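Novice: Mapping the sequence shown onto my numbering, position 67 (from 1) lands on 55, and the numbers just tick up by one.
Just so it is clear, CB atoms sit at the ideal spot from N, CA and C, and this is done for glycine as well.
These numbers come from a predicted model, not from an experiment.
I'd like to ask some things about the structure below.
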Amino acid sequence: MTAPADPDEFWRNSNGLYRIVAGPDAENKYFECTFGGACSAERSWIDAANAPTDEVVPVCAAPAAPTPAPTAGPTQIPLSR
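Shown next, in the form of structure tokens:
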């Protein structure tokens, strides 16, 4: 197993997200990952002449609802002093 290649390019887009482009691999394929926080998007293309010119805006999953605070019930009796 060989180690992955180092990124060819790494920078911050005008939309504030980070972008890594690596390639080409043995099949002349390039790989791109745009990310920021918990959001990311990936895409790939063959041949440098086909490189996209737009900036990807990752779609983030909706945040999970917070866990409700526990409430006192028959098995939760507050301690008193």
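According to the neighbour-count rule (16 or more other Cβ atoms, all chains shown, within 10 Å of its Cβ), is T22 buried or exposed?
Specialist: Along the sequence shown, one-based indexing puts residue 22 at 34. Per the 10 Å Cβ criterion, buried.
Novice: Less than 7 Å between the beta carbons of N3 and E43, yes or no?
Specialist: What you label residue 3 is simply residue 15 of the sequence shown in a count that begins at 1. What you label residue 43 is simply residue 55 of the sequence shown in a count that begins at 1. Yes. Within cutoff.
Novice: Report the rounded CA-to-CA distance for D(-4) versus G11, giving the unit in angstroms.
Specialist: If you number the sequence shown from 1, residue -4 lands on position 8. If you number the sequence shown from 1, residue 11 lands on position 23. Rounded to the nearest angstrom, the two C-alpha atoms are 7 Å apart.
Novice: Give the single residue among W(-1), R0, N1, E15 whose Cα lies nearest to the Cα of I34.
Specialist: Numbered from 1 along the sequence shown, position 46 holds the residue referred to as residue 34. Checked all of W(-1), R0, N1, E15; the closest Cα to I34 is E15.
Novice: Return helix, strand or coil for A37, following the three-state DSSP convention.
Specialist: The residue you call residue 37 lines up with position 49 of the sequence shown. Looking at A37 - three-state DSSP - the assignment turns out to be helix.
Novice: Measure the alpha-carbon distance for C27 versus N38 and round it to whole angstroms.
Specialist: As a position in the sequence shown, residue 27 is number 39, starting the count at 1. As a position in the sequence shown, residue 38 is number 50, starting the count at 1. The alpha-carbon atoms of C27 and N38 are separated by roughly 25 Å.
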